[in-house]
Amino acid sequence: MEIKQGENRFFIGEGSAFKAEITFIQQNDTLVIDHTFVDPSLRGEGIAKQLVNKVVDYARQENKKILPVCSYARVVMERDKSMHDVLKK
């Protein structure tokens with residue numbers, strides 16, 4: 001499935017019918033991840049982690065840090081040491 005980039009989000013789906021999405025707010029040099037959603041029909045396929053990875057890649061490209069206030073994104077980023085370079089403490 002293709003993960004697309006929108007305004008302050010990465011998502012799977014068409015139009016406003018998102019099957020999965022992660023949203024963030026840009027605050028200066030920080031991306032605040034505030035929401036992650038995956039439709040029940042797609043759960044268990046690792047899509048939520050792929051969405052977090054997209055934001056991490058974007059943060060690296062833009063030289064930004066990530067503050068994950070979404071509980072899922074926070075747990076993923078705290079556990080995965082490869083993401084700590086962009087994790088805002």
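Residue numbering for the sequence shown follows full-length UniProt numbering, starting at 1 and increasing by one per position. Quick reminder that beta carbons are idealized off the backbone N, C-alpha and C, glycines included.
Going by DSSP, residue 60 is part of the alpha helix (DSSP H) stretching over 47-62. For residue 38, the uninterrupted beta strand (DSSP E) segment begins and ends at 30-38. Within the DSSP secondary-structure output, residue 25 pairs in a beta bridge with 32. Judged by beta-carbon spacing, residue 33 lies within the 9 Å limit of residue 66, meaning their Cβ atoms are closer than that value. The shortest CA-to-CA distance from residue 73 to any of 3, 36, 61, 15 is the one to 36. The residue from 42, 89, 83, 15 with its alpha-carbon nearest to that of residue 55 is 83.
Judged by DSSP in its simplified three-state form, residue 81 adopts helix. By the C-beta density criterion, residue 89 is exposed, having fewer than 16 other C-beta atoms within 10 angstroms.
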